[in-house]
Amino acid sequence: MARKNTQKVYGKPKGPYRQKSVKKRIQAIFLDNLGKVLTREQIIEAATDPDSGRQPENWHQRLSELRTDDGYTILSWRNRGDLKVQEYLMPHKRKRGGAGKRVRPTDATWMAVLKRAGCACEWNEGGMVCGLNDGENDPVGGGRVKLTPDHKNPHSLNPDADPKDPEQWQALCGRHQVTKKNYWDTTTGKLNTYAIVQFASEAEKREVFHFLLRYFGYTILKDGNIRRQET
Ligand SMILES: [Zn+2]
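Just so we're aligned: the sequence shown equals residues 337 to 567 in this note's numbering.
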């Protein structure tokens, strides 16, 4: 596999972006720059409220929603080796089917979950409960704790998630929502291998890459090309 000379092209905002919401403004700058690299600064500038000039704190969460709820593909350094940290790229404007159907608990269910949780994160690791309260500072991850609902079994495995059953939901802080992505299922401890590799460091990714090449019977030649081993 020769390193392809895919030139990294940086995008240019075509704003001003006057869309009503932070998410719509971020969507607009990406659609204006398909296949081009956008930097964190460019995205924040586009996301800034055009009237008040206020920079949104939550721009990264809105960007995540464009992926998870709207089904857009937005690559970062985690998915593409030539992107640097805080660089993002939307390769095309196709949306994944089935996105946006994420089930959420009803308001009543979420109130019941928060009551059970004592308004604290319910993440449990080997009997140790996180217990951070909504609104307090996270001493590990920094920032203010915001509890959000998590379905205990991921929807990909359980399409019948019941928005009315508090037992199927838990309250998690932001840091543990991220940790949760490493598990398909926190009740059985089944790991989400793809997510773990995606969030691993470059050195670890390289190790996995070489392992997979060996596993599937390929070798890397001196010139960087990959060849299937003769049997
Ligand atoms: Zn937590």
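Don't be surprised by glycine CBs; every beta carbon is placed ideally from N, CA and C.
In chain order, what residues of the same chain lie with their CB nearer than 7 Å to the CB of Ala456, ignoring the 5 residues before and after it?
Translated into positions along the sequence shown, residue 456 becomes position 120. The residues are Gly467, Leu468 and Asn469.
Between Leu450 and ligand 1, is the CB less than 7 Å from at least one heavy atom?
Numbered from 1 along the sequence shown, position 114 holds the residue referred to as residue 450. For ligand 1, not one heavy atom lies less than 7 Å from the Cβ of Leu450.
Any idea if Phe366 is buried or exposed, counting beta-carbon neighbours within 10 angstroms, 16 or more meaning buried?
Sequence index remark: in the sequence shown, residue 366 carries index 30 (1-based). So Phe366 counts as buried.
Can you confirm whether Pro352, when its beta carbon is compared against all beta carbons of chain B, has any partner nearer than 8 Å?
Among the protein chains of the structure shown there is no chain B, as only one such chain exists.
Runs of 3 residues minimum, wholly inside the segment 402-480: which ones carry the beta strand (DSSP E) assignment?
423-425
Go through its chain and collect everything with a Cβ distance to Met337's Cβ below 7 Å, but skip five positions before and after it.
Within the sequence shown, numbered from 1, the residue matching residue 337 stands at position 1. For Met337, the predicted model reports a pLDDT of 44, less than 50, meaning its position is unreliable; a value from the coordinates is still stated below. These residues qualify, in order along the chain: Gly560, Asn561 and Ile562.
Trp505 CB to nearest heavy atom of ligand 2 below 7 Å:
Within the structure as shown, ligand 2 is missing, the only ligands being ligand 1.
Should Glu609 be labelled buried (16 or more other beta-carbon atoms within 10 Å of its own) or exposed?
It is not possible to answer for residue 609, since the shown part of the chain is limited to 337 through 567.
Name, in chain order, the residues that DSSP records as bridge partners for His396.
Taking the first residue of the sequence shown as 1, we reach residue 396 at position 60. Note: His396 sits in no beta bridge, so no partner.
Tell me which residues share the same chain as Thr409 and place their Cβ nearer than 8 Å to its Cβ, disregarding the 5 neighbours each side in the sequence.
The count along the sequence shown starts at 1 and reaches residue 409 at position 73. Excluding sequence neighbours, Thr409 sits near Arg403, Met426, Pro427, His428, Arg430 and Arg432.
For Gln565, which residues from the same chain have a beta carbon less than 6 Å from its beta carbon, with the 5 sequence-adjacent residues on both sides left out?
Numbered from its first residue, the sequence shown carries residue 565 at position 229. Cβ neighbours of Gln565 beyond the five flanking positions: Gly553 and Thr555.
Where Lys500 falls: helix, strand or coil (DSSP):
Here residue 500 is taken as the residue at index 164 of the sequence shown, counted from 1. DSSP places Lys500 in coil when its eight states are reduced to three.
Bounding residues of the beta strand (DSSP E) (the contiguous stretch that carries Leu374):
The count along the sequence shown starts at 1 and reaches residue 374 at position 38. Note, Leu374: beta strand (DSSP E), Val373 to Thr375.
Residue of Asp486, Asp498, Gly389 and Asp501 minimising C-alpha distance to Thr515
On the sequence shown, residue 515 is found 179 positions in, with the first residue counted as 1. Cα-wise, what sits closest to Thr515 is Asp486.
Find the nearest neighbour of Arg416 within the set Phe547, Gln534 and Lys517, judged by alpha-carbon distance.
Locating residue 416 in the sequence shown gives position 80, counting from the first residue. The shortest C-alpha separation from Arg416 is found at Gln534.
Terminal residues of the continuous alpha helix (DSSP H) containing Thr484?
As a working note, residue 484 is residue 148 in the sequence shown. Premise fails: Thr484 lies in the beta strand (DSSP E), Thr484 to His487, not in any alpha helix (DSSP H).
What residues match up with Gln506 in a beta bridge as DSSP calls it?
Here the question's residue 506 lines up with position 170 in the sequence shown. DSSP output for Gln506 lists Asp486 as bridge partner(s).
For ligand 1, enumerate in chain order all residues having a CB closer than 7 Å to any of its heavy atoms.
Cys457, Trp459, Cys466, Leu468, Leu508, Cys509, Arg511 and His512
What's the C-alpha gap between Arg390 and Gln355?
Your numbering for residue 390 matches position 54 in the sequence shown. Your numbering for residue 355 matches position 19 in the sequence shown. Answer to the nearest angstrom: the Cα atoms are 14 Å apart.
8 Å contact criterion, which Gly351 and Val373 should meet: CB distance rounded
Here residue 351 is taken as the residue at index 15 of the sequence shown, counted from 1. Here residue 373 is taken as the residue at index 37 of the sequence shown, counted from 1. About 17 Å; that fails the 8 Å criterion.
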